[in-house]
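Engineer:
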Amino acid sequence: MKIYQLIYDYNRSNDSEKDAYHIPFEHSNIASSIFLNKKHTERLPKKIYFRSNLNIITKTDFPLNDLRIPIMSDRLIKLIKSIGDINLKEIPAIMLDDKFLESKFDSSGSLINEVKYVDNYKAIMLLDRIDCFDYENSIYEPGELNPNIPGYIRKLVLNISDINLPPIFRIKESPSRILITEKVKKLIIDKDISGCLFENVETKKELKNTRQIGGILGKEYFELGRGNRKVSENYLRPYILGFNINNKQKPFVVAMGDNHSDTVATKLSIAELVSGKWDEHIRLSNSEKFVESLKKALKNKEEFPQKFILELIK
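All residue numbers for the sequence shown refer to the working numbering, where the first residue is 1046 and numbers rise by one.
1. Starting from Leu1121, trace the alpha helix (DSSP H) in both directions and tell me its first and last residue.
2. Is Asp1235 helix, strand or coil when you go by DSSP?
3. For the beta strand (DSSP E) containing Ile1131, list its first residue and its last residue.
4. DSSP on Leu1112, reduced to helix/strand/coil?
5. Out of curiosity, what's the CA-to-CA distance linking Pro1211 and Glu1181?
6. According to DSSP, simplified to helix, strand and coil, what is Lys1032?
7. Grab me the residues of Lys1083's own chain with a C-beta within less than 6 Å of its C-beta, minus the 5 sequence neighbours each way, in chain order.
8. Look up Val1160 in the DSSP assignment and say whether it is helix, strand or coil.
9. Please report the distance separating the alpha-carbon of Ser1206 from that of Lys1250.
10. Compute the beta-carbon to beta-carbon distance between Ile1223 and Arg1199, rounded to the nearest angstrom, for a pair I have assumed lies under 8 Å.
11. Distance, Cα to Cα, Gly1287 vs Phe1297?
12. May I have the straight-line CA-CA distance separating Lys1161 from His1085, to the nearest angstrom?
13. Where does His1067 fall in DSSP's three states?
14. Determine the burial state of Asn1132: buried for a count of at least 16 other Cβ atoms within 10 Å of its Cβ, exposed for fewer.
15. Using CA atoms only, rank isn't needed, just tell me which of Lys1134, Ile1048 and Met1301 is closest to Pro1088.
16. Sorted by chain position, which residues of the same chain lie with C-beta nearer than 6 Å to Asn1304's C-beta, five sequence neighbours on each side aside?
17. Given Asp1106, which residues of its chain have a CB within under 6 Å of its CB, disregarding the five upstream and five downstream residues?
18. Please classify Thr1366: does DSSP put it in a helix, a strand, or coil?
19. Going straight from the alpha carbon of Asp1142 to that of Asp1054, what length do you get?
20. Ile1139 and Lys1091: beta carbons closer than 7 Å?
21. Bridge partners for Glu1244 per DSSP, in chain order?
22. Leaving out the 5 sequence neighbours to the left and right, which residues in its chain are closer than 7 Å to Phe1178 when beta-carbon positions are compared?
23. Is the beta carbon of Val1299 closer than 7 Å to that of Gln1050?
24. Please look up how many angstroms separate the CB atoms of Ile1116 and Asn1110, rounded, as I've assumed it's under 8 Å.
25. Assign Pro1283 to one of two classes, buried (16 or more other C-beta atoms within 10 Å of its C-beta) or exposed (fewer than that).
26. With a threshold of 8 Å on Cβ separation, who are the neighbours of Arg1174 within its own chain once the five nearest residues in sequence on each side are excluded?
27. What is the residue span of the alpha helix (DSSP H) that Leu1172 lies within?
28. With H, G and I counted as helix, E and B as strand and the rest as coil, what does DSSP make of Ser1077?
29. Would the beta-carbon of Leu1124 fall within 7 Å of that of Leu1190?
30. Which value, in whole angstroms, describes the spacing of the CA atoms of Leu1156 and Val1163?
31. Got a sec, what are the start and stop residues for the alpha helix (DSSP H) Leu1099 sits in?
Dropping the structure here:
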């Protein structure tokens, strides 16, 4: 079984930075934290009002909002529920026409009749946390308050062996991530659900094949980092960036794989890497610091010695 992180398609809308902006309510300043902790369900409002361009909001099933809480269309929620049971709480998210500039509520707090709205969205709180974080294979920094739990996670690996996963879930070690099964991803694509992108999440079972992707770099390469490349509207393809200290002409290599099988590798010169022309969609992971330092060194016309590389990849 493959697992994906469900993320927003930030490039979907050219109209504004967000799809919806909330109208303040009690505890709205900590809404993102409340929606991550089921202990605070009593603080949830009965409904949440948002200001939105109704011509745009209706084109997405997974709108980006300023509260940073998951909001889904009713059809997306229904689709996910059709795959399996989910323990979640749904809060109606009412999208109000942002072109109506006067007061939208009467003296009793009720919405006035003149305001146009869309009411087929829900803010969701996933109530369960699945215990599947792979402490052995994940790469993370210890938490500042408790070093026994992960703080910043550089590479997430899940151990889902013998676990009956719900179609959508969170994990306690990284509760802000929304994780879905491959069945959900396939249905989202097949049913033309909009506003969603997917990042591949490695599982312990896949690690052997993942290492085969890394193996194409060869023993002479240092692995600098991993990321994802947007290859279609709904899919991000995993890649590995490596450096070969002995290759003076094209010291960098990018190895990409889909489902960890059809792997391709592209060798790059320093100039090609720094220019970013090799692929504008690739987002560097823990190699970002390396590349920024590299740009600075080249700008100052410094040499590119082995010592410089070795210090950066420690």
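We put the CB at the ideal spot given by N, CA and C, even for glycine.
Structural biologist: Taking the structure as given:
1. That run of the alpha helix (DSSP H) goes Asp1119 to Lys1126.
2. Helix.
3. Here Ile1131 belongs to no beta strand (DSSP E), and DSSP marks it neither H nor E.
4. Coil, per DSSP.
5. For Pro1211 and Glu1181, the distance between alpha carbons rounds to 23 Å.
6. Outside the shown range of the chain (1046 to 1359) lies residue 1032, about which nothing can therefore be said.
7. Here Lys1083 has Leu1172 as same chain residues with Cβ atoms under 6 Å from its own Cβ, once five neighbours each way along the sequence are excluded.
8. Val1160 falls in the coil class under three-state DSSP.
9. Rounded to the nearest whole angstrom, the C-alpha separation of Ser1206 and Lys1250 is 8 Å.
10. Not quite, the Cβ-Cβ distance comes to about 19 Å (not below 8 Å), so this is no contact.
11. Between Gly1287 and Phe1297, the C-alpha separation is close to 6 Å.
12. Taking the straight line from one Cα to the other gives about 31 Å.
13. His1067 falls in the strand class under three-state DSSP.
14. Answer is exposed; the Cβ neighbour count stays below 16.
15. The identity of residue 1088 in the sequence shown is Arg, whereas the question assumes Pro. Closest option to Arg1088, Cα to Cα, is Lys1134.
16. Residue confidence is low: Asn1304 scores 47 on pLDDT, short of 50, so the model does not pin down where it sits. Its coordinate-derived value is still stated next. Setting aside the 5 residues that flank it on each side, Asn1304 has no residue in the same chain whose C-beta is closer than 6 Å to its C-beta.
17. Correct list, in chain order: Ser1118, Leu1121, Ile1238, Ser1239 and Gly1240.
18. Any question about residue 1366 goes unanswered here, given that the chain covers just 1046 to 1359.
19. Going by the C-alpha atoms only, they are around 22 Å apart.
20. Between Ile1139 and Lys1091, the gap from beta carbon to beta carbon reaches 7 Å or more.
21. Per the DSSP secondary-structure output, Glu1244 pairs in a beta bridge with Gln1050.
22. Close CB contacts of Phe1178 within its chain, under the 7 Å cut and outside five residues either way in sequence, are with Leu1203, Ile1216 and Glu1218 (chain order).
23. Note that the C-beta distance between Gln1050 and Val1299 is not below 7 Å.
24. The pair is a contact, with the Cβ atoms about 6 Å apart (cut-off 8 Å).
25. The residue in question, Pro1283, is buried, as its Cβ has 16 or more Cβ neighbours within 10 Å.
26. So the qualifying residues of the chain are Phe1214, Arg1215, Ile1216, Lys1217 and Pro1220.
27. For Leu1172, no alpha helix (DSSP H) encloses it, and the DSSP letter there is neither H nor E.
28. It is helical.
29. With contacts defined as CB atoms closer than 7 Å, Leu1124 and Leu1190 fail to qualify as a contacting pair.
30. Straight-line Cα distance between these residues: approximately 13 Å.
31. In the DSSP assignment, Leu1099 falls within the unbroken alpha helix (DSSP H) covering Leu1099 to Ile1102.
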